[in-house]
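Enquirer: Got a structure for you, written out below as structure tokens; questions coming shortly.
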């Protein structure tokens, strides 16, 4: 029971991850399904008092990143349990909440996370360290419910949607951002 705010297919269609929000106070859970048979594969721990905002599989499908109200986690999908510390909470620099993720298309250990204020941080999920932060000086308001983050195929840019003016922000390491 509950409504779905986030879902993602693993590479090669082996798993469908579904973030189910149960209610305003009760929280959410992440359920894993076999998309071919429709049968449940398991449920990751219930996250009490928090909603699931985004789910993303790594390119090899071994890791699943989940963003919640006040936490972000990576999960080892081969053993169905949390395998790494919350990258967003290991840095004192993070003052806002993670709303969307994007794994690098070529590196299973590189994860981009967009924060509620539009800051994008690039994380090494093995070391739980932020390796790069990009900020946009434009203060166009963002709608956290509509944020989507996507890498370009060559990993030179990240695109972010979810701005109230419906524009897209492009982040890159040279110019930081343009809209």
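Numbering (my numbering), first residue to last: 111 to 289.
Glycine included, C-beta positions come from ideal geometry on N, C-alpha and C.
None of the values given here were measured: they were computed from a predicted structure.
(1) Are residue 129 and residue 142 close, meaning C-beta to C-beta below 8 angstroms?
(2) Leaving out the 5 sequence neighbours to the left and right, which residues in its chain are closer than 6 angstroms to residue 171 when beta-carbon positions are compared?
(3) So is residue 264 buried or exposed if we call it buried at 16+ other beta carbons inside 10 Å?
(4) If you compare alpha carbons, which of 260, 188, 181 is closest to residue 213?
(5) State the CB to CB distance for the pair residue 257 and residue 268, rounded to an integer number of angstroms; the pair is presumed to be in contact (CB under 8 angstroms).
(6) Check this for me: beta carbons of residue 209 and residue 224, under 8 angstroms apart or not?
(7) Decide if residue 168 is buried, meaning its Cβ has at least 16 other Cβ atoms within 10 Å, or exposed.
(8) State buried or exposed for residue 125, treating a residue as buried only when at least 16 other CB atoms are found within 10 Å of its CB.
(9) Taking residue 164 as the reference, which of 149, 275, 222, 241 has the closest Cα?
(10) To test your reading of the DSSP string, which unbroken alpha helix (DSSP H) runs of 4 or more residues are found completely within the stretch 214-277?
(11) Taking the C-alpha atoms as reference points, what is the distance between residue 175 and residue 282?
(12) If distances are taken between C-alpha atoms only, which option among 173, 161, 189, 276 comes closest to residue 181?
(13) Where does residue 123 fall in DSSP's three states?
(14) Residue 139 bridges to which residues according to DSSP?
(15) What whole-angstrom Cβ distance do residue 235 and residue 253 have, given they're in contact under 8 angstroms?
(16) According to DSSP, is residue 173 helix, strand or coil?
(17) Cα separation between residue 177 and residue 211?
(18) Whole angstroms are fine: how far does the CA of residue 275 sit from the CA of residue 228?
Expert: Working from what's here:
(1) no
(2) 120, 121
(3) exposed
(4) 260
(5) Not quite, the Cβ-Cβ distance comes to about 12 angstroms (not below 8 angstroms), so this is no contact.
(6) yes
(7) buried
(8) buried
(9) 222
(10) none
(11) 22 angstroms
(12) 161
(13) helix
(14) 130
(15) Contact flag wrong, Cβ pair sits at about 27 angstroms.
(16) strand
(17) 8 angstroms
(18) 14 angstroms
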